[in-house]
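Reading through the structure tokens given below for one structure.
Number of protein chains: 6
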Amino acid sequence: MFHHIKELQYNAKPTKPDPVYAKKLQEVLGGQYGEITVMMQYLFQGWNCRGDQKYRDMLLDIGTEEIAHVEMLANMIAQLLDGAPAKEQDAAAQDPVIESVLGGMNPQHMIVSGLGAKPDDSAGYPWNARYTIGSGNLLADFRANLNAESQGRLQVVRLYESTTDPGVRDMLSFLIARDTMHQNQWMAAIEELEQTQKALVPSTFPQENEKQEVSYSFMNFSKGEESAQGRWANGPSYDGQGTFEYVATPEAMGQVPILNPAPAYIHGTPVNGSIPPDTGTSAFDKS
Amino acid sequence: MFHHIKELQYNAKPTKPDPVYAKKLQEVLGGQYGEITVMMQYLFQGWNCRGDQKYRDMLLDIGTEEIAHVEMLANMIAQLLDGAPAKEQDAAAQDPVIESVLGGMNPQHMIVSGLGAKPDDSAGYPWNARYTIGSGNLLADFRANLNAESQGRLQVVRLYESTTDPGVRDMLSFLIARDTMHQNQWMAAIEELEQTQKALVPSTFPQENEKQEVSYSFMNFSKGEESAQGRWANGPSYDGQGTFEYVATPEAMGQVPILNPAPAYIHGTPVNGSIPPDTGTSAFDKS
Amino acid sequence: MFHHIKELQYNAKPTKPDPVYAKKLQEVLGGQYGEITVMMQYLFQGWNCRGDQKYRDMLLDIGTEEIAHVEMLANMIAQLLDGAPAKEQDAAAQDPVIESVLGGMNPQHMIVSGLGAKPDDSAGYPWNARYTIGSGNLLADFRANLNAESQGRLQVVRLYESTTDPGVRDMLSFLIARDTMHQNQWMAAIEELEQTQKALVPSTFPQENEKQEVSYSFMNFSKGEESAQGRWANGPSYDGQGTFEYVATPEAMGQVPILNPAPAYIHGTPVNGSIPPDTGTSAFDKS
Amino acid sequence: MFHHIKELQYNAKPTKPDPVYAKKLQEVLGGQYGEITVMMQYLFQGWNCRGDQKYRDMLLDIGTEEIAHVEMLANMIAQLLDGAPAKEQDAAAQDPVIESVLGGMNPQHMIVSGLGAKPDDSAGYPWNARYTIGSGNLLADFRANLNAESQGRLQVVRLYESTTDPGVRDMLSFLIARDTMHQNQWMAAIEELEQTQKALVPSTFPQENEKQEVSYSFMNFSKGEESAQGRWANGPSYDGQGTFEYVATPEAMGQVPILNPAPAYIHGTPVNGSIPPDTGTSAFDKS
Amino acid sequence: MFHHIKELQYNAKPTKPDPVYAKKLQEVLGGQYGEITVMMQYLFQGWNCRGDQKYRDMLLDIGTEEIAHVEMLANMIAQLLDGAPAKEQDAAAQDPVIESVLGGMNPQHMIVSGLGAKPDDSAGYPWNARYTIGSGNLLADFRANLNAESQGRLQVVRLYESTTDPGVRDMLSFLIARDTMHQNQWMAAIEELEQTQKALVPSTFPQENEKQEVSYSFMNFSKGEESAQGRWANGPSYDGQGTFEYVATPEAMGQVPILNPAPAYIHGTPVNGSIPPDTGTSAFDKS
Amino acid sequence: MFHHIKELQYNAKPTKPDPVYAKKLQEVLGGQYGEITVMMQYLFQGWNCRGDQKYRDMLLDIGTEEIAHVEMLANMIAQLLDGAPAKEQDAAAQDPVIESVLGGMNPQHMIVSGLGAKPDDSAGYPWNARYTIGSGNLLADFRANLNAESQGRLQVVRLYESTTDPGVRDMLSFLIARDTMHQNQWMAAIEELEQTQKALVPSTFPQENEKQEVSYSFMNFSKGEESAQGRWANGPSYDGQGTFEYVATPEAMGQVPILNPAPAYIHGTPVNGSIPPDTGTSAFDKS
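Protein chains in written order, with our numbering: chain A, 181 to 467; chain B, 181 to 467; chain C, 181 to 467; chain D, 181 to 467; chain E, 181 to 467; chain F, 181 to 467.
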């Protein structure tokens, strides 16, 4: 269960309206790596958590904090939209500055949300749940989380440098700091899990069941061998189970595939000009 | 530019058809963490790469290999569908086994693709490009890649254990082994980058510009303090820049937000029963 | 079955082209609450209608009218696009007015539709069928319809005030008037249904089967009690079955959830460092 | 800002696992009218609220409660999945009951989420933000909310009757009761707003600007006049501004549309066999 | 403007309910090549038509007919759902036939639409507007239409053979016949347009502006030359402008791409370990 | 299996950056008819091909070439973005040219991809797999391919005329030429298939099973008979099986649909005020 506190977690007050920037800021609210994504991802990972209670608690702590970040951004965007122009086309055409604001805004901020934030990204694309993952394997999921916080901090930093509004920068400096913490947090949690299990996800699959002769081979599928210079092509593997090797000219190991003709009821392409009889039954019937 | 080799990278031959399993196998072909995702993610990261050429080459090597994995899965699924039943409802209703196959199949495998693989996931949802990321920051992106290979290997392992078909298991054992390599590869590449820059993404943002008093604080937003037990709540931070602290009762630091009334042309809700006059102009006009 | 009349239901003639406005006008054609939505929603509600024939007839009447509204908007947008500039970047860069038109247009109006309307919204997002509902319960659906006409009229009014083109305003004044009717129509139909059944949807579920102690309680989940001032917190309920009460400090009534560990074949996170044996079978097998 | 309480708002304990039912229950978690929808809709309406503070507070109260409903459903679904079978195809083919469970499950519950809830609907389609609305006009939005609670309660009732598990029914009886309250709440809030403004949304648009001769006309666009029998075709209108009239044979009031030929750079279809010269400039250039 | 006729264009009466088949039949209602697609595609092509009036009229004739096909399918599906079981899980587990029906149904047909048709496909995926095209070039669009009718007829034929219900087959035999006409119609219209312009779309682009040395070359990008046997590799080209040639070993004609480093404000990957200074300005500023 | 060649298939070097054009060019990379679409469509058609090996080989040849086109466009877009401005709002507001560039850019090119190409269209909408088709019937699919190449060439031509950059035009002239070849190729392949089977898709369905009295009738569903003038209304049909006829006033041939009331467990609308008893069982149970 949840409770709401009226105060925002941190200040969210722009110095002045800026509807074009409001459109851009939507990216870190409702984009692929925006705050809605981490909010939903952490909450669902917490609710589905079948591991130690400290992980469930930690996931719900951070998931709950992310709701507050969504709240800050929504309030910020609403204020940035305060001055959205509704001026009609004719006048605007004579004032390129106003017109370029109109052109640079998300029109839905005026028509649909009435100067409110939307759960969409900076291209106006709605947030969707396929941005999130909760797999039931916490090591896998914490890597997803570290990635999300890395992409997220990168995007907030880019937005920080795209504005000079001190109020906006103040709020973003808070979000950047929290992303610093959250990247560190997931690195810490990953190391902890890698110590209790192996670094390979999932650690519980018997490796003798995998095709081990290709488990540590870097395969060079292009002309040129620049890719041989990396750590991935030499030395011990990171799971401590093998040694990287560089395969300069990997060979195909499989068959040339030839598929059976489709049964008549599929009405596929006749093979060699001969049309199979339309029996009305399927290959399956015959078995 | 690319060339095609007729042989598959590895064998993809099921022992017998299994259209219900074909539906499930679509997940690792066209799902959120399927082979199309890593194919497109690595290729685009390679094409957009502004870093050292060895990274571009490496990304395109592995992206090119992933096209071959898509190819193997597509051919496997087509063969698993060979025996898809078309039997009409009446007869099937008397044979629960056939009926349950019909119920468990993806109907589009018969109606739409004519017993061919689709670029969709196991729920029939089409692959889309928001599954991928290429940010221009390789450390961020390699973390995305490590996550994708972790989720992907986990899914393939689950599918491996859901079948006893030796031909299917043979192919999956190859994909699992390659995912072993690819997880190791991204761990290696991540370490290499963390040595030339800092572990924090992006490493180039001056940390004095972030709100540093909250950069290493774990905030406990729930009743109970199980979350205090983790590595993330104590000791030095992973970027080597600070020390984790546990904030048991975090306080709100921001304002209680109060938004301005909307201008008349928005036709929002009248505040306190008073309707603002409909001037036909906007707040922006007045400035 | 349907017939087409060549004349539009009402005039749709702009005074002059305006490709930036064409982009905005797409919202009420192909947006969440655009004319395609109500067209499809009313037609499907009519076709699926299992109630009195007068409702089916009424739904198909209004659904048929909405096809005509889609037609008017499509024709209007095509005409607004007549003057879409194709001027190349260099020249435009010297003429900010042309450039801002290029920037404010939907580029697909030129590249994809060749100066034609698209079934998309003002952010370029395609219409999709999850915008509509037909539940088989007409009272529920008429509330959906009243909402759609309320949102729709609000959006058209905002667009009316964003242009001074007398031809566009003339057409929009017609659509606004029809939305006036349609809001009134759904209010009338709702009242009629609330008189033959109860106001609660669905009216046929025995209320003794619901947890009646919380059926009329407003729960205050935030600091501060401004929400106690509303009609929803005092007095008789609107379905005539209870009395609103205000719960200032709602208590949790449920368990602290603890989930079972996942079976081995899921390869979840080992609990307390102990990895369950990989038996290759499932919990389900044992039952 | 938000706080999390470890206890669920109400019990969420199934009597036994039922993975087929888990798939169905996803509808009211992540579907068009599931709990994620109302959670996000109420929170965003609250954050964007520019009206009286009691509305903002009320919206955030109920939005915060809905997060708890999402939490209950997620925990319930995870427990319903406890017994998801992983049995391989061969054995299952001999046991139609197991096979039909496999066929009736959402395969992603096993492959992707590892027996956890997903933010998806019962067809496996991911939740997306276009399910929500926050328009800045509270009367419009409260109608959206009343609709959402009507559709939602209807769906939960249908799911209640699709199971006999007493634990599941207990939880659903709580959700149904809360939906009873929430329908009543929005009816109360709607009446309150209709008293301070008019029933027509938006109430602030001058009606003399709409084409008033069609503002209260029901138009019969089909053969037969069953639709004349409804309250919408006779008597005073619900906004108190007019009288319904029934137009048995509505006439077209608009032009037969004829569009201009496209400029050459569009490469449209030559009209009457004559291809316009490819000037490389646009109609816009000439103006 | 449109009128509705109460009678269906053709009979749509199943002999008995079949909810599993109802799910499949959704494909040709709301799928990629279902009737909603052709309805919307033809109507928008008609409304946007800038060519001869006979094309506009023809497109609107056929688009109007397609609304009637959507109507027939919606009514058919509603009737096929009449017998959808609501039986609870326990009993069903003892009756595999009922259970397999439950497993094979689209659960939304019960929970969401209350035994009504949905504008979705057979995988439960909602129809969306990106299934349609109207480009302003009728030859291009008529090829899209011929494709849609080819895919559509193929799918209806497959569905025809998946049922033995005489009522369903009767309706499908009508739709198949109309698809026969519509394929023929688009072939006729295509030939007519190819006679007034060239077969190449668009015919109005000066071919001297294209890289003509590769305009008629088939390039063999794979090992083996089976592809040399087709008509596409020999003889005159179909636009009458060239001669096909087979290029057995196509050479790359372009550069090895090397991208510039990103400016500092992008926070990309440092090149060769050197981090560009964070100047806070962009490359663009300097120009 | 695939190999990568470092050189691009053809040059992709712009003369100078142009971030607004980069946004537009995304259409032919990741749009409905962009290069990703044809790449994925041809590869999947090839992998699923159950016909003659020359078709499989040919499809994989051209699919492999399309990967190279995706590569060229991605590299071109990355270079066009080199000069994307990051200038802050204040300064830009004084320089309308810069501001209009900011307004005309896709903001995700800066925030998300860090000056890299995205697998999206020009409206920022992500590529999805429902853009593609592989039906198992090659004649149907080759018509899809001819359409894709027609729409694609049309869009590239429009983009060619929207720029004067000689480097961009050089690359586009290559893509236009390849589209010339590919349109010709599909025309050739279609003719070849129409000679070995009939022109009607599918050719294997017995036409006596279709409702032949309407197989060659053009039905006039609108006022006016301009549509009678086309080739589709007169003369022999294109499949050589019938003669077109023009039906000026088509009659409805079907029933007036009346649906059964829903069973009680659906909680639909009570018919004629009478609420069916809530038996808790379904119509299905009774059979």
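For each residue, glycine too, the CB sits at the ideal point set by N, CA and C.
For this session: Taking 8 Å as the threshold, find out whether the region 384-401 of chain D comes into contact with the region 355-366 of chain C through three or more Cβ pairs.
Result: yes
Problem set entry | Cross-chain neighbours of GLY243(D) in chain E, by beta carbon under 9 Å | For the purposes of this step, residue 243(D) is taken as residue 63 along the fourth sequence, with counting starting at 1. Residues of chain E passing the Cβ test: none, with the nearest at roughly 23 Å.
Problem set entry | Close beta carbons around GLU268(B), own chain, < 8 Å, minus the five adjacent residues each side | Walking along the second sequence from the start, residue 268(B) turns up at place 88. Confidence in GLU268(B) is poor, its pLDDT being 49 and thus under 50, which makes the residue's placement too unreliable to answer from.
For this session: Using a Cβ-Cβ cut-off of 8 Å, state whether GLU535(B) counts as contacting chain D.
Result: Since the first residue shown for chain B is 181 and the last is 467, residue 535(B) is missing from the structure and cannot be characterised.
Problem set entry | Three-state secondary structure assigned by DSSP to ASN228(C) | Within the third sequence, the letter at position 48 stands for residue 228(C). Residue state, collapsed to three classes: coil.
Exercise. THR429(D) to PHE401(D), Cα distance in whole Å?
Worked result: As a first step, residue 429(D) is located in the fourth sequence; it is residue number 249 there, counting from the start. As a first step, residue 401(D) is located in the fourth sequence; it is residue number 221 there, counting from the start. Cα to Cα, THR429(D) sits roughly 7 Å from PHE401(D).
Exercise. Between the region 233-247 of chain B and the region 202-220 of chain B, do three or more beta carbon pairs fall short of 8 Å?
Worked result: yes
Exercise. How long is the line joining the alpha carbons of TYR213(C) and LEU295(F), rounded to whole angstroms?
Worked result: Position 33 of the third sequence holds residue 213(C). Position 115 of the sixth sequence holds residue 295(F). Straight-line Cα distance between these residues: approximately 34 Å.
Exercise. Using a beta-carbon distance below 8 Å, is VAL337(D) in contact with chain F?
Worked result: For the purposes of this step, residue 337(D) is identified with residue 157 of the fourth sequence, where counting begins at 1. Cβ-Cβ to chain F under 8 Å: yes for VAL337(D).
For this session: May I ask you to report which of helix, strand or coil DSSP gives THR423(C)?
Result: Translated into positions along the third sequence, residue 423(C) becomes position 243. Strand, per DSSP.
For this session: Taking a Cβ distance cut-off of 9 Å, strictly less, list which residues of the region 338-351 of chain F are near chain D, in chain order.
Result: ARG338, GLU341, SER342
Exercise. Mind listing which residues of the region 294-312 of chain A have their C-beta closer than 8 Å to chain B's C-betas, in chain order?
Worked result: GLY294, LEU295, TYR305, ASN308, ARG310, TYR311
For this session: Would you mind reading off the limits of the alpha helix (DSSP H) that contains MET399(E)?
Result: If you number the fifth sequence from 1, residue 399(E) lands on position 219. MET399(E) -> not in any alpha helix (DSSP H); beta strand (DSSP E) instead, spanning 397-399.
Problem set entry | CB-CB length for ILE370(D) against LEU334(D), believed under 8 Å | Sequence index remark: in the fourth sequence, residue 370(D) carries index 190 (1-based). Sequence index remark: in the fourth sequence, residue 334(D) carries index 154 (1-based). 19 Å between Cβ atoms; not a contact.
For this session: Have a look at the DSSP bridge pairing and note the partners of PHE182(F).
Result: Here the question's residue 182(F) lines up with position 2 in the sixth sequence. DSSP lists HIS184(B) as partners of PHE182(F).
Exercise. At what residues does the alpha helix (DSSP H) containing PRO346(B) begin and finish?
Worked result: Within the second sequence, numbered from 1, the residue matching residue 346(B) stands at position 166. First-last of the alpha helix (DSSP H) with PRO346(B): 346-376.
Exercise. Who does ASN308(C) pair with in a DSSP beta bridge?
Worked result: The residue you call residue 308(C) lines up with position 128 of the third sequence. Answer is ASN308(E).
Exercise. Buried or exposed: VAL436(D), going by 16 or more other Cβ atoms within 10 Å of its Cβ?
Worked result: On the fourth sequence, position 256 is the one that residue 436(D) refers to. Classification for VAL436(D): exposed.
For this session: Would you mind reading off the limits of the alpha helix (DSSP H) that contains TYR235(A)?
Result: In the first sequence, counting from the first residue as 1, residue 235(A) sits at position 55. Element bounds for TYR235(A): 233-260.
Exercise. Any C-beta of chain D sitting closer than 8 Å to the C-beta of GLN269(B)?
Worked result: Here residue 269(B) corresponds to residue number 89 of the second sequence, with the count starting at 1. Per-residue confidence for GLN269(B) stands at a pLDDT of 44, beneath the threshold of 50, marking its modelled position as unreliable; the derived number appears in the next sentence. Chain D, which has no Cβ nearer than 8 Å to the Cβ of GLN269(B), makes this no.
Problem set entry | Boundaries (first-last residue) of the alpha helix (DSSP H) holding VAL336(E) | Position 156 of the fifth sequence holds residue 336(E). 318-340 is the span of the alpha helix (DSSP H), which, as asked, contains VAL336(E).
For this session: Using three-state DSSP, classify PRO386(E) as helix, strand or coil.
Result: Within the fifth sequence, numbered from 1, the residue matching residue 386(E) stands at position 206. In the structure shown, PRO386(E) sits in coil (DSSP, three-state: anything other than H, G, I, E or B).
Exercise. Residues of chain D with CB under 9 Å from PRO188(A), in chain order?
Worked result: As a first step, residue 188(A) is located in the first sequence; it is residue number 8 there, counting from the start. What sits at residue 188(A) in the sequence shown is Leu, not Pro. Under the 9 Å cutoff, chain D gives MET181.
For this session: Go ahead and label THR384(A) buried or exposed: buried means 16 or more other beta carbons lie within 10 angstroms of its beta carbon, across all protein chains shown.
Result: Stepping through the first sequence from its first residue, residue 384(A) is reached at position 204. Classification for THR384(A): buried.
Exercise. Which first and last residues belong to the alpha helix (DSSP H) in which ILE291(F) is found?
Worked result: The residue you call residue 291(F) lines up with position 111 of the sixth sequence. From DSSP, the alpha helix (DSSP H) with ILE291(F) extends over 288-291.
Exercise. Could one say the Cβ of GLU372(D) lies closer than 8 Å to chain A's Cβ atoms, at least one of them?
Worked result: Along the fourth sequence, one-based indexing puts residue 372(D) at 192. It does not; no Cβ of chain A falls within 8 Å.
For this session: Identify the continuous alpha helix (DSSP H) that holds GLY434(D) and give its terminal residues.
Result: Within the fourth sequence, residue 434(D) is the residue found at index 254, counting from 1. Run containing GLY434(D): none; DSSP gives neither H nor E here.
Exercise. Going along chain B in order, which residues have a C-beta closer than 7 Å to the C-beta of MET496(D)?
Worked result: Nothing in the structure corresponds to residue 496(D), since chain D is present only between 181 and 467.
For this session: Indicate the three-state DSSP secondary structure (helix, strand or coil) for SER417(F) in the structure shown.
Result: Locating residue 417(F) in the sixth sequence gives position 237, where the first residue counts as 1. Coil at SER417(F), not helix or strand.
Exercise. Under 8 Å between the Cβ atoms of GLU372(F) and GLY231(E)?
Worked result: If you number the sixth sequence from 1, residue 372(F) lands on position 192. If you number the fifth sequence from 1, residue 231(E) lands on position 51. No; because the gap between Cβ atoms is not below 8 Å, this pair is not in contact.
Problem set entry | Endpoints, alpha helix (DSSP H) assigned at PRO199(D) | Numbered from its first residue, the fourth sequence carries residue 199(D) at position 19. PRO199(D) -> alpha helix (DSSP H) spans 199-210.
Problem set entry | 7 Å Cβ shell around THR195(D) - same chain, five flanking residues per side excluded | Along the fourth sequence, one-based indexing puts residue 195(D) at 15. If we look at THR195(D) and ignore the five residues flanking it on each side, its Cβ neighbours are ASP345, PRO346, GLY347.
Problem set entry | Nearest to PRO364(A) (by Cα), restricted to the options GLN363(B), VAL381(B), ARG349(B), GLN377(B) | Counting from one through the first sequence, the residue named residue 364(A) turns up at place 184. Contrary to the premise, residue 364(A) reads as Asn rather than Pro in this sequence. With distances taken between Cα atoms, ASN364(A) lies closest to VAL381(B).
For this session: Alpha carbon to alpha carbon, how far is GLU207(B) from GLN392(C)? Give it in angstroms, no decimals.
Result: In the third sequence, residue 392(C) corresponds to position 212, counting from 1. In the second sequence, residue 207(B) corresponds to position 27, counting from 1. Rounded to whole angstroms, GLN392(C) to GLU207(B) spans 43 Å at the Cα level.
Exercise. Just how far apart, CA to CA, sit TYR305(B) and LEU188(D)?
Worked result: To locate residue 305(B), count along the second sequence from 1; it is residue 125. To locate residue 188(D), count along the fourth sequence from 1; it is residue 8. If I take the Cα positions, the gap works out to 32 Å.
Problem set entry | Residues sharing a beta bridge with ASP301(F), DSSP | As a position in the sixth sequence, residue 301(F) is number 121, starting the count at 1. Answer by DSSP bridge pairing: none, since ASP301(F) is not bridged.
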